[in-house]
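Enquirer:
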């Protein structure tokens, strides 16, 4: 499973980055005549924070949707744990240990925060219908074990006070945090964050950055995130993929990317004289 | 002042997730059970049984079923009448084919058969949502009623096309047929109501309920956290049809005794159950009971006032009853779209603070 594990290294701040967990090989995704992603390859290593950046419409979210199984690319393969992943529905991808959040919050508005976060544990809950209907033995034990796990996540993200509040009543910043909690509750091997800081003020961004770093640090969760705030991306991530018009134009450490001429051109524009 | 959580500390996850978090509610619940089982059977008469209690209990079961499907899983169904007919005719065939088996099991197996039929008619929900699904379930309604009209095997080739329940006993007491007494019928239905409501509560507070609500609130996000939409929707259809099938079997065997499928299980019945669920409160167990009580009691009350007190002719009263109930439904939905269960929730919140306003 980990034959590519050979090149693990230690980062400047002392975290160990392992071998390749997920590898995208020559992914091409088309919608009719529009090519959203064109021949993109990159990998995600165990324990790292990997960012995907690029201007609007570059295909970043499409790429995340390919990883989480919403889109099936016309060409190329997604390798997970050293083997090509067959075409599968998103709920099966979730069972493999990939969780994600959405750019525009996708919480269950009619449920409380606690129930929302508990849904993150659904892949861990196996008891059958009859035993649940009776609320005996296994079903009840399983419910409380998973509740204990969820409470850890709730403590971790400091949302204890709003546990029983219906999600519909929460402000935007907290909703984003609850969505992160739901993804974390699944104890994912790979966490995909689609613009976790979009629309936040500076304090909220700082909080969210702290949570992302803590998640990575404490649980060793591999994180792949899309973000527009360059300051945040450069500070948080270990490696960055840069996309533009569906193509990969840069890949490397934040410093490499910052000095990459193609990236600078894409972001600042280039004169054609 | 009695009604508050002060001093009622939750020290385990079990206590935190109990159905009635307040001590006062728990006492009220047990008291209600004692009255329902220990007091009502001694004072019950045929009028109260047939006009109020049986329809209330049986429609509450159907409403629980539809509430699981529409309120929790968000799938609209207009086929309740048809599924009730499946329950009734299954029960009839079972009662006449296996007269030695207890009626108790007949009713449960009727529910299971209806669940199978419900699963089959739930398959379109994979592809279609909302109004389109409602139309698909409407097809189930008309097809099933047509089937029980046209295929004589279902009514044992009787000349009238009706089915009538033979006498069956539970623990020596007749619960179906002309000799069944009011307390026996009442208790028989009450046991089913209690069991099914308890199971509905357990299912909806556990992982099945969360799957259903996740599908209802946002199906894409539900799939991304690992909910298989196919199995979640189909399980809701199955469970819902199980409940509705049992209520159909009880309507036929215990409440009416003889049934003509066109009268009893028409589209009107589907709408009645849907109104009960909407007025009571979508996504609420208690709402199913409140809604059933409202729609069963309101016509009885209006009739008593208009015919009994005011002395109007009964046909005029019947028409006024339609107008008033219809208007009440509209008013309720405007004032509180989340149904009477929400009114009750708000009242409880006020009660907790009483006599202080905030």
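Chains as they are written, first to last, in the working numbering: chain A, 134 to 406; chain B, 5 to 362. Ideal Cβ placement from N, Cα and C applies to all residues, glycine included.
With DSSP as the reference, please indicate the residues paired to residue 156 of chain A in a beta bridge.
Expert: Locating residue 156 of chain A in the first chain gives position 23, counting from the first residue. Paired residue(s): A:176, A:212.
Enquirer: Anything in the stretch 196-224 of chain A with a Cβ closer than 9 Å to a Cβ of chain B? List those residues in chain order, please.
Expert: 201, 202, 203, 222, 223, 224
Enquirer: What residue does the alpha helix (DSSP H) around residue 183 of chain A start on, and which one ends it?
Expert: In the first chain, the residue the question calls residue 183 of chain A occupies position 50. No alpha helix (DSSP H) contains residue 183 of chain A, which is instead part of the beta strand (DSSP E) from 182-186.
Enquirer: Please name the residues in the stretch 246-264 of chain A whose beta-carbon is closer than 7 Å to at least one beta-carbon of chain B, in chain order.
Expert: Listed in sequence order: 248, 251, 252, 253, 255, 256, 258, 262.
Enquirer: Identify the contact partners of residue 181 of chain B in chain A, using a Cβ-Cβ distance below 9 Å as the criterion.
Expert: Sequence index remark: in the second chain, residue 181 of chain B carries index 177 (1-based). None at all; the shortest Cβ gap to chain A is about 31 Å.
Enquirer: Does residue 408 of chain A pass the burial test, meaning 16 or more other C-beta atoms within 10 Å, or should it be called exposed?
Expert: In the structure as shown, chain A starts at 134 and stops at 406, and residue 408 of chain A therefore has no counterpart that could be examined.
Enquirer: How far does the alpha helix (DSSP H) with residue 338 of chain A in it extend, from its first residue to its last?
Expert: In the first chain, residue 338 of chain A corresponds to position 205, counting from 1. Looking at the DSSP string, the run of the alpha helix (DSSP H) that includes residue 338 of chain A is 335-347.
Enquirer: Looking at the C-beta of residue 243 of chain A, does it have a partner C-beta in chain B at a distance below 7 Å?
Expert: Residue numbering aside, residue 243 of chain A sits at position 110 when the first chain is read from its first letter. Closer than 7 Å: yes.
Enquirer: Which value, in whole angstroms, describes the spacing of the CA atoms of residue 138 of chain B and residue 357 of chain A?
Expert: Residue numbering aside, residue 138 of chain B sits at position 134 when the second chain is read from its first letter. Residue numbering aside, residue 357 of chain A sits at position 224 when the first chain is read from its first letter. Looking at the two C-alpha atoms, the distance is approximately 41 Å.
Enquirer: What separation, rounded to the nearest whole angstrom, lies between the Cα atoms of residue 260 of chain A and residue 267 of chain A?
Expert: The sequence position of residue 260 of chain A within the first chain is 127, counting from 1. The sequence position of residue 267 of chain A within the first chain is 134, counting from 1. The alpha-carbon atoms of residue 260 of chain A and residue 267 of chain A are separated by roughly 11 Å.
Enquirer: Distance, Cα to Cα, residue 326 of chain A vs residue 367 of chain A?
Expert: Locating residue 326 of chain A in the first chain gives position 193, where the first residue counts as 1. Locating residue 367 of chain A in the first chain gives position 234, where the first residue counts as 1. Those two C-alpha atoms are separated by around 16 Å.
Enquirer: Note down, one range per segment and in chain order, each alpha helix (DSSP H) of at least 4 residues found wholly within the stretch 262-296 of chain A.
Expert: 262-267, 270-289
Enquirer: Indicate whether at least one CB of chain A lies closer than 7 Å to the CB of residue 228 of chain B.
Expert: Residue numbering aside, residue 228 of chain B sits at position 224 when the second chain is read from its first letter. Yes, residue 228 of chain B lies at the interface with chain A (some Cβ there is under 7 Å from its Cβ).
Enquirer: If you draw a straight line from the alpha carbon of residue 94 of chain B to that of residue 300 of chain B, how long is it in whole angstroms?
Expert: For the purposes of this step, residue 94 of chain B is taken as residue 90 along the second chain, with counting starting at 1. For the purposes of this step, residue 300 of chain B is taken as residue 296 along the second chain, with counting starting at 1. For residue 94 of chain B and residue 300 of chain B, the distance between alpha carbons rounds to 26 Å.
Enquirer: Can you look up residue 136 of chain A in the DSSP assignment and give me helix, strand or coil?
Expert: Residue mapping note: residue 136 of chain A aligns to position 3 of the first chain, counting from 1. Here the model assigns residue 136 of chain A a pLDDT of 41, short of 50, so the residue's position is not dependable and the matter cannot be decided.
Enquirer: Can you determine whether any heavy atom of the ligand MG sits closer than 6 Å to the C-beta of residue 250 of chain B, and answer yes or no?
Expert: Of ligands this structure carries none, so the ligand MG is not represented either.
Enquirer: Using CA coordinates, which residue listed in A:375, A:330, A:320, A:353 is at the minimum distance from residue 229 of chain B?
Expert: If you number the second chain from 1, residue 229 of chain B lands on position 225. Nearest of A:375, A:330, A:320, A:353 to residue 229 of chain B, Cα basis: A:320.
Enquirer: Buried or exposed: residue 275 of chain A, going by 16 or more other Cβ atoms within 10 Å of its Cβ?
Expert: As a first step, residue 275 of chain A is located in the first chain; it is residue number 142 there, counting from the start. Label assigned to residue 275 of chain A: buried.
Enquirer: Specify whether the stretch 252-260 of chain B and the stretch 83-101 of chain B touch according to this definition: at least 3 beta carbon pairs, one from each stretch, less than 8 Å apart.
Expert: yes
Enquirer: For residue 110 of chain B, count neighbouring Cβ atoms within 10 angstroms of its own Cβ and tell me buried if that reaches 16, exposed if not.
Expert: Along the second chain, one-based indexing puts residue 110 of chain B at 106. By the 10 Å Cβ count, residue 110 of chain B comes out buried.
Enquirer: Taking the alpha-carbon positions, what's the residue 331 of chain A to residue 338 of chain A distance?
Expert: For the purposes of this step, residue 331 of chain A is taken as the residue at position 198 of the first chain. For the purposes of this step, residue 338 of chain A is taken as the residue at position 205 of the first chain. Approximately 9 Å, taken between the alpha carbons.
Enquirer: Quick one: what does DSSP say residue 4 of chain B is sitting in, helix, strand or coil?
Expert: Given a span of 5 to 362 for chain B in the structure shown, any question on residue 4 of chain B remains unanswerable.
Enquirer: Can you check whether the C-beta of residue 140 of chain B is within less than 7 Å of a C-beta belonging to chain A?
Expert: The count along the second chain starts at 1 and reaches residue 140 of chain B at position 136. No - not a single Cβ of chain A is within 7 Å of the one on residue 140 of chain B.
Enquirer: Under three-state DSSP, which class holds residue 402 of chain A?
Expert: As a working note, residue 402 of chain A is residue 269 in the first chain. In this structure, residue 402 of chain A counts as coil in the three-state DSSP scheme.
Enquirer: State the DSSP-derived secondary structure class of residue 177 of chain B, mapped to helix, strand or coil.
Expert: Here residue 177 of chain B refers to the residue found at position 173 of the second chain. Reduced to three states, the DSSP call for residue 177 of chain B is strand.
Enquirer: Note down the Cα distance separating residue 107 of chain B from residue 172 of chain B, rounded to an integer number of angstroms.
Expert: Looking up residue 107 of chain B in the second chain gives position 103. Looking up residue 172 of chain B in the second chain gives position 168. Distance between the alpha carbons of residue 107 of chain B and residue 172 of chain B is about 6 Å.
Enquirer: Return the chain-ordered list of same chain residues with a C-beta closer than 7 Å to the C-beta of residue 162 of chain A, the five sequence neighbours on each side being excluded.
Expert: Taking the first chain and counting its residues from 1, one reaches residue 162 of chain A at position 29. Within the same chain, residue 162 of chain A has close Cβ partners 169, 170, 195, 199, 204, 206, 207.
Enquirer: Helix, strand or coil: which one does DSSP assign to residue 142 of chain A?
Expert: Position 9 of the first chain, counted from the start, is the residue given in the question as residue 142 of chain A. If DSSP states are grouped into helix, strand and coil, residue 142 of chain A belongs with the strands.
Enquirer: On the DSSP letters alone, give me the boundaries of the beta strand (DSSP E) that residue 349 of chain B sits inside.
Expert: As a working mapping, residue 349 of chain B is identified with position 345 in the second chain. Segment 344-357 is the alpha helix (DSSP H) holding residue 349 of chain B; no beta strand (DSSP E) there.
Enquirer: Determine the chain A residues that contact residue 136 of chain B at a beta-carbon separation under 8 Å, and present them in chain order.
Expert: Locating residue 136 of chain B in the second chain gives position 132, where the first residue counts as 1. Simply none; closest approach about 22 Å.
Enquirer: Just the C-alpha distance for residue 364 of chain A and residue 376 of chain A, rounded to the nearest angstrom, thanks.
Expert: Along the first chain, read from residue 1 onward, the residue named residue 364 of chain A stands at position 231. Along the first chain, read from residue 1 onward, the residue named residue 376 of chain A stands at position 243. Whole-angstrom Cα-Cα distance: 17 Å.
Enquirer: Mapping DSSP to helix, strand and coil, what is residue 264 of chain B?
Expert: For the purposes of this step, residue 264 of chain B is taken as residue 260 along the second chain, with counting starting at 1. The answer is coil: DSSP assigns residue 264 of chain B none of H, G, I, E or B.
Enquirer: Taking only beta-carbon atoms, is residue 268 of chain A less than 7 Å away from chain B?
Expert: One-based indexing of the first chain puts residue 268 of chain A at position 135. So yes, residue 268 of chain A belongs to the interface.
Enquirer: Using the Cα positions of residue 332 of chain B and residue 342 of chain B, report the straight-line distance between them to the nearest angstrom.
Expert: Along the second chain, read from residue 1 onward, the residue named residue 332 of chain B stands at position 328. Along the second chain, read from residue 1 onward, the residue named residue 342 of chain B stands at position 338. Whole-angstrom Cα-Cα distance: 15 Å.
Enquirer: From residue 361 of chain B to residue 354 of chain B, what distance separates their C-alpha atoms?
Expert: Walking along the second chain from the start, residue 361 of chain B turns up at place 357. Walking along the second chain from the start, residue 354 of chain B turns up at place 350. When rounded, the distance between both Cα atoms is 8 Å.
Enquirer: Leaving out five residues on either side along the sequence, give the residues of the same chain with a beta carbon under 8 Å from the beta carbon of residue 337 of chain B.
Expert: Position 333 of the second chain, counted from the start, is the residue given in the question as residue 337 of chain B. Hits under 8 Å: 282, 283.
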